[in-house]
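**Q** What follows is a structure written as structure tokens; I'll ask about it next.
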Amino acid sequence: MSNKKSSSTTNDKVFSYKDSGVDVQAGDDFVDWIHSEEKSTKKEDLPHQGSVIEGVGGFASLFRLNTKNYAKPCLVTCTDGVGTKVKLAADFDLYAGIGQDLVAMCVNDLLCTGGDPLLFLDYLAVGKLDLEQAKKILTSIRKACRESDLALVGGETAEMPGIYKVPEFDCAGFAVGIVDEDRRLGAHLVRDSDVLVGISSSGFHSNGYSLLRKVFAEEIQNQDLKLVQELMVPTKLYVSIIKQIKEKFSIHALAHITGGGMENVPRVIPKDLVAKISPWEFPSLFQEVQRRTALTTKEMMNTLNCGVGMVVVLPNSEAHELIRFLEIKGEKAFKLGAVSLRTPQDTEDWVYVN
Numbered sequence: 060m061s062n063k064k065s066s067s068t069t070n071d072k073v074f075s076y077k078d079s080g081v082d083v084q085a086g087d088d089f090v091d092w093i094h095s096e097e098k099s100t101k102k103e104d105l106p107h108q109g110s111v112i113e114g115v116g117g118f119a120s121l122f123r124l125n126t127k128n129y130a131k132p133c134l135v136t137c138t139d140g141v142g143t144k145v146k147l148a149a150d151f152d153l154y155a156g157i158g159q160d161l162v163a164m165c166v167n168d169l170l171c172t173g174g175d176p177l178l179f180l181d182y183l184a185v186g187k188l189d190l191e192q193a194k195k196i197l198t199s200i201r202k203a204c205r206e207s208d209l210a211l212v213g214g215e216t217a218e219m220p221g222i223y224k225v226p227e228f229d230c231a232g233f234a235v236g237i238v239d240e241d242r243r244l245g246a247h248l249v250r251d252s253d254v255l256v257g258i259s260s261s262g263f264h265s266n267g268y269s270l271l272r273k274v275f276a277e278e279i280q281n282q283d284l285k286l287v288q289e290l291m292v293p294t295k296l297y298v299s300i301i302k303q304i305k306e307k308f309s310i311h312a313l314a315h316i317t318g319g320g321m322e323n324v325p326r327v328i329p330k331d332l333v334a335k336i337s338p339w340e341f342p343s344l345f346q347e348v349q350r351r352t353a354l355t356t357k358e359m360m361n362t363l364n365c366g367v368g369m370v371v372v373l374p375n376s377e378a379h380e381l382i383r384f385l386e387i388k389g390e391k392a393f394k395l396g397a398v399s400l401r402t403p404q405d406t407e408d409w410v411y412v413n
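According to this note's numbering, the sequence shown is numbered sequentially starting from 60.
So, in structure tokens, the structure goes:
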């Protein structure tokens with residue numbers, strides 16, 4: 060090998076990893092904080108913690124799977140993100156709910172299989188690691204995991220200078236659950252005359268924010284905090300209520316209403332059947348979006364959740380009692396429509412019934 064110095068080392072200045080924009084010490088401080096938070100939390104307050112053999116800090120996490128209540132145990136896996144809602148969070152320093160958004164986007168999908176939540180991992184990417192920002196996001200994730208019966212077993216924090224500008228960030232989540240193969244929910248259970256019951260959303264959840272930021276661009280530019288806080292209401296976690304209704308009702312399928320709105324319903328309807336859905340009164344902020352965009356009602360229903368975050372498919376004979384039960388539990392719920400045999404005229408994924 061030549062002893063000649065390369066041109067990159069001819070200058071007296073030596074560049075460290077930190078000089079390039081990656082602060083390893085800040086990353087270590089963040090990991091230390093995570094460990095201190097784990098120690099300060101009672102084990103019994105962490106769902107499934109007793110089954111975690113090795114969690115945060117190792118190269119991988121180990122989980123002792125308890126299958127005694129599952130005759131044919133199947134693992135359920137899903138991943139998702141928060142989309143461009145992170146832009147508003149960063150611009151307005153509103154991180155308290157963004158972790159719940161992340162957990163909810165994953166675990167609500169997991170519920171649609173009939174599965175029970177087990178584990179969660181997160182990925183956080185930033186331009187420069189700001190400990191306070193990262194702590195707020197992770198605190199929100201941890202809180203949502205506890206509310207969702209998820210053990211937070213690991214994650215990754217990536218400092219990526221040149222990719223994200225401060226305080227920009229992105230995040231992704233990964234959830235694992237378990238379901239008995241013979242008790243899974245889905246299109247294979249759905250029958251002609253089944254009814255669709257909608258459970259209300261908490262707001263826009265985590266979808267449509269590229270549109271919303273344009274629709275409300277003036278208010279956002281003028282720092283209208285009241286509106287921004289409405290836009291930032293975190294995605295509802297449906298774990299508790301879905302667990303309760305699964306125990307009491309013959310649920311056939313669940314559809315998490317995310318991007319594409321009601322287009323998510325056909326994902327749990329057999330090809331020989333079709334969902335027929337009637338419009339409902341949208342919450343006021345959704346109505347304002349429709350007014351400003353001039354989207355038709357069906358276009359709105361195929362774009363945003365319009366006030367419905369989860370759709371339950373079940374036998375007609377149980378629909379009324381389900382709605383009554385949900386209302387007693389403090390949920391707003393109503394009949395959206397029904398499932399019927401598909402005819403040659405039913406060419407769309409779902410039928411809009413005015």
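Beta carbons are placed, not taken as given, at the ideal position from N, Cα and C, and that holds for glycine.
Please work out which residues of its chain come closer than 6 Å, Cβ to Cβ, to Thr-356, disregarding the five sequence neighbours upstream and downstream, and give them in chain order.
**A** If we look at Thr-356 and ignore the five residues flanking it on each side, its Cβ neighbours are Pro-338.
**Q** Could you name the residues of the same chain whose beta carbon sits closer than 7 Å to that of Val-249, not counting the 5 residues immediately before and after it, in chain order?
**A** The answer, listed in chain order, is His-311, Ala-312, Val-327, Ile-328, Pro-329, Leu-332, Val-372, Val-398.
**Q** Taking 9 Å as the threshold (C-beta atoms), are Ile-316 and Met-359 in contact?
**A** No; because the gap between Cβ atoms is not below 9 Å, this pair is not in contact.
**Q** CA-CA distance, Ile-336 and Leu-286?
**A** The straight-line gap from Cα to Cα measures roughly 30 Å.
**Q** Entirely within the stretch 112 to 140 and at least 4 residues each: give me those alpha helix (DSSP H) ranges in chain order.
**A** Entirely contained in the stretch 112 to 140, not one alpha helix (DSSP H) run reaches 4 residues.
**Q** Report the option in Gln-349, Asp-189, Ser-299 whose CA atom is closest to the CA atom of Val-274.
**A** That would be Gln-349, whose Cα lies nearest to the Cα of Val-274.
**Q** Taking the straight line between their C-alpha atoms, what separation do you get for Thr-402 and Val-162?
**A** Roughly 39 Å separates the two Cα atoms.
**Q** In or out: Thr-147 buried (at least 16 other Cβ within 10 Å) or exposed?
**A** It is Leu, not Thr, that sits at residue 147 in the sequence shown. Buried is the call here.
**Q** What's the C-alpha gap between Ile-387 and Gly-257?
**A** Rounded to the nearest angstrom, the two C-alpha atoms are 15 Å apart.
**Q** Measuring only the C-alpha atoms, how far is Thr-68 from Cys-365?
**A** In this predicted model, Thr-68 has a pLDDT of only 48, less than 50, meaning its place in the structure is not dependable; the value taken from the coordinates is given anyway. Cα-Cα distance, rounded: 59 Å.
**Q** For Gly-173 and Phe-151, I'd like the C-alpha separation in whole angstroms.
**A** Spanning the two alpha carbons is a distance of roughly 37 Å.
**Q** Look at the alpha carbon of Gly-319 and the alpha carbon of Leu-363, and state the distance between them as a whole number of angstroms.
**A** C-alpha separation (whole angstroms): 6 Å.
**Q** Kindly indicate the opening and closing residues of the beta strand (DSSP E) around Ile-279.
**A** Per DSSP, Ile-279 belongs to no beta strand (DSSP E); it is in the alpha helix (DSSP H), 276 to 280.
**Q** Val-254 to Pro-132, Cα distance in whole Å?
**A** If I take the Cα positions, the gap works out to 29 Å.
**Q** Beta strand (DSSP E) containing Thr-356: first to last residue?
**A** Per DSSP, Thr-356 belongs to no beta strand (DSSP E); it is in the alpha helix (DSSP H), 356 to 360.
**Q** Where does Thr-198 sit, in a helix, a strand or coil, going by DSSP?
**A** Helix, per DSSP.
**Q** Look at the alpha carbon of Gln-108 and the alpha carbon of Val-298, and state the distance between them as a whole number of angstroms.
**A** Only weak support is given to the placement of Gln-108: the predicted model assigns it a pLDDT of 49, under 50, and the value that follows is read from those uncertain coordinates. The alpha-carbon atoms of Gln-108 and Val-298 are separated by roughly 18 Å.
**Q** Between Val-212 and Leu-271, what straight-line distance do the alpha-carbon atoms span, to the nearest angstrom?
**A** Looking at the two C-alpha atoms, the distance is approximately 34 Å.
**Q** Compare the beta carbon distance of Cys-137 and Phe-233 with 9 Å and say whether it is the shorter of the two.
**A** For Cys-137 and Phe-233, yes; Cβs fall inside 9 Å.
**Q** Per DSSP, what kind of secondary structure is Met-219 in: helix, strand or coil?
**A** In this structure, Met-219 counts as coil in the three-state DSSP scheme.
**Q** For Ser-252, does the count of other Cβ atoms within 10 angstroms reach 16, so buried, or fall short, so exposed?
**A** Exposed.
**Q** Given a cut-off of 9 Å, decide if Val-145 and Ser-259 are closer than it, judged by their beta-carbon atoms.
**A** Taking 9 Å as the Cβ cut-off, Ser-259 and Val-145 do not qualify as a contacting pair.
**Q** Could you tell me which of Pro-325, Ser-95, Val-166, Leu-395 sits nearest to Glu-206, measuring between CA atoms?
**A** Of Pro-325, Ser-95, Val-166, Leu-395, the residue nearest in Cα terms is Val-166.
**Q** Identify the residues that DSSP records as bridge partners of Lys-335: which are they?
**A** In DSSP, Lys-335 forms a bridge with Ala-397, Val-410.
**Q** Could you have a look at Phe-345 and say whether DSSP puts it in helix, strand or coil?
**A** Three-state result, Phe-345: helix.
**Q** Kindly indicate the opening and closing residues of the alpha helix (DSSP H) around Ile-382.
**A** Unbroken alpha helix (DSSP H) run through Ile-382: 375 to 387.
**Q** Give me, in chain order, the residues of the same chain whose beta-carbon lies closer than 6 Å to that of Leu-209; leave out the 5 immediate sequence neighbours on both sides.
**A** Cβ within range, chain order: Pro-176, Phe-179.
**Q** Is it buried or exposed, Ala-130, if we count other Cβ atoms within 10 angstroms and call 16 or more buried?
**A** Burial call: exposed.
**Q** Taking all protein chains shown into account, decide if Glu-380 is buried (16 or more other Cβ within 10 angstroms of its Cβ) or exposed.
**A** Exposed.
**Q** According to DSSP, which residues form a beta bridge with Cys-230?
**A** The partner list for Cys-230 (beta bridge, DSSP) reads Leu-183.
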